[in-house]
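Here the structure is laid out as structure tokens; the discussion comes afterwards.
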Amino acid sequence: MTTPQPHPVLILNGPNLGRLGSREPEIYGSATMADIETACTALGASLGLIVDVRQTDDEAELIGWIHEAADRRVAVVLNPAAFTHYSYALRDALAMRTAPLVEVHLSNPAAREAFRHTSVVSAVADGTIAGFGPQSYELALRAVARLLAR
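Be aware that the sequence shown starts at 1, since it is given in the numbering used here, and climbs by one per residue.
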């Protein structure tokens, strides 16, 4: 009997998320991106996923990673941060995806300022998980694992 090969998953993070831990902790909590990466890597391994966590403040770099994922047929967990609300370039890149995509937010955008209520990403994602702090990423990884098992 052959052992199933682990699936790679990119966890991509947009602008200002590299500042987690010090950035508005009353909204985003005290966990750092390194904390999230550690938790996601461990959970991913238990789910048969090889997790690669990346963060950028650069829209072009983020889009390049999305193209890479599409070309490699790699699942993506994406926290687009501020790009969520206005980056049609990101949305168009995501529309070319070839594997599962789950949108993630630490806070609940629907409970925040009105400009955060619209996501240009949601329409091209398999689903969105928001408002559970760092656990949002863990829930997204579990969703990706189930989508890949189909």
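Even for Gly, the Cβ is constructed at its ideal location relative to N, Cα and C.
Since this is a predicted model, take the numbers as computed values, not measurements.
Tell me which residue opens and which closes the alpha helix (DSSP H) that Arg54 is part of.
Run containing Arg54: none in the alpha helix (DSSP H); it sits in the beta strand (DSSP E), Leu49 to Gln55.
Note down, one range per segment and in chain order, each beta strand (DSSP E) of at least 3 residues found wholly within the segment 79-140.
Runs of beta strand (DSSP E) with 3 or more residues, each lying fully within the segment 79-140, are found at 101-105 and 127-130, listed in chain order.
Distance, Cα to Cα, Gly131 vs Glu37?
Distance between the alpha carbons of Gly131 and Glu37: 18 Å.
First and last residue of the uninterrupted alpha helix (DSSP H) at Leu43:
For Leu43, the enclosing alpha helix (DSSP H) starts and ends at Met33 to Ser46.
Would you be able to state if there are at least three C-beta pairs under 8 Å between the segment 24-39 and the segment 120-129?
A contact is defined here as three or more CB-CB pairs under 8 Å, and the segment 120-129 fails this definition with respect to the segment 24-39.
Please work out which residues of its chain come closer than 8 Å, Cβ to Cβ, to Arg97, disregarding the five sequence neighbours upstream and downstream, and give them in chain order.
The answer, listed in chain order, is Ile66, Ala69, Ala70, Val76 and Val124.
Are the CB atoms of Pro6 and Leu62 within a distance shorter than 9 Å?
No; because the gap between Cβ atoms is not below 9 Å, this pair is not in contact.
Would Ser22 be called buried (16 or more neighbouring beta carbons within 10 Å of its own) or exposed?
Exposed: under 16 other Cβ atoms inside 10 Å.
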